[in-house]
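Peer 1: Shown below is the structure under consideration.
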Amino acid sequence: MNIKQLLGAKIKSLRKKKKISQEHFSELLNMNPRQIVRIENGESFPTAENLEKIADALGITVQELFYNDCFMPDDILKAKIAHRIEDMDSERLRMLYLMVSNL
Numbered sequence: 103m104n105i106k107q108l109l110g111a112k113i114k115s116l117r118k119k120k121k122i123s124q125e126h127f128s129e130l131l132n133m134n135p136r137q138i139v140r141i142e143n144g145e146s147f148p149t150a151e152n153l154e155k156i157a158d159a160l161g162i163t164v165q166e167l168f169y170n171d172c173f174m175p176d177d178i179l180k181a182k183i184a185h186r187i188e189d190m191d192s193e194r195l196r197m198l199y200l201m202v203s204n205l
């Protein structure tokens with residue numbers, strides 16, 4: 103994936119997580135709905151001004167739009183995984199074990 107695709111996927115994921123439709127998102131940003139589609143599909147890169155509007159609408163900073171957990175150092179990643187595991191019930195732990203065992 104290139105930077106446009108990664109950014110587009112992140113924006114789309116965050117928008118969906120907040121249960122905002124593309125139509126409503128385009129209204130919030132005062133942008134053409136087709137432009138939102140192109141950004142989310144990695145076909146277009148938003149301007150600096152639009153990056154700020156997108157981040158504001160999603161309740162995050164512009165920097166957070168570019169932060170990707172895949173690039174986090176191993177020790178931090180392991181700590182985050184361990185923290186998530188602490189709160190899991192037995193059923194989820196077993197499912198996780200089966201998934202990890204098959205990697």
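When the count follows our numbering, it moves up by one through the sequence shown with no breaks and lands on 205 for the last residue.
Virtual Cβ for every residue (Gly too), placed ideally from N, Cα, C.
As the structure is a prediction and not an experimental result, all values here were calculated from the model.
#1: Give the straight-line distance between the Cα atoms of Gly144 and Leu108, rounded to the nearest whole angstrom.
#2: What is the C-beta distance between Leu153 and Leu131, in whole angstroms, given that I count them as a contact (C-beta under 8 Å)?
#3: Buried or exposed, going by whether 16 or more other CB atoms sit within 10 Å of the CB of Leu160?
#4: Identify whether Gly110 lies in helix, strand or coil by the three-state DSSP scheme.
#5: Alpha carbons only, please: which of Leu200, Leu205, Asp189 and Ser128 is nearest the one belonging to Ala157?
Peer 2: Inspection of the coordinates gives the following:
#1: Position 42 of the sequence shown, counting from 1, holds the residue named residue 144. Position 6 of the sequence shown, counting from 1, holds the residue named residue 108. Each residue's alpha carbon lies about 7 Å from the other.
#2: In the sequence shown, counting from the first residue as 1, residue 153 sits at position 51. In the sequence shown, counting from the first residue as 1, residue 131 sits at position 29. Not really, about 10 Å apart at Cβ, beyond 8 Å.
#3: As a first step, residue 160 is located in the sequence shown; it is residue number 58 there, counting from the start. Under this definition Leu160 is a buried residue.
#4: As a working note, residue 110 is residue 8 in the sequence shown. Note: Gly110 maps to helix in three-state DSSP.
#5: Stepping through the sequence shown from its first residue, residue 157 is reached at position 55. Nearest C-alpha to Ala157: Ser128.
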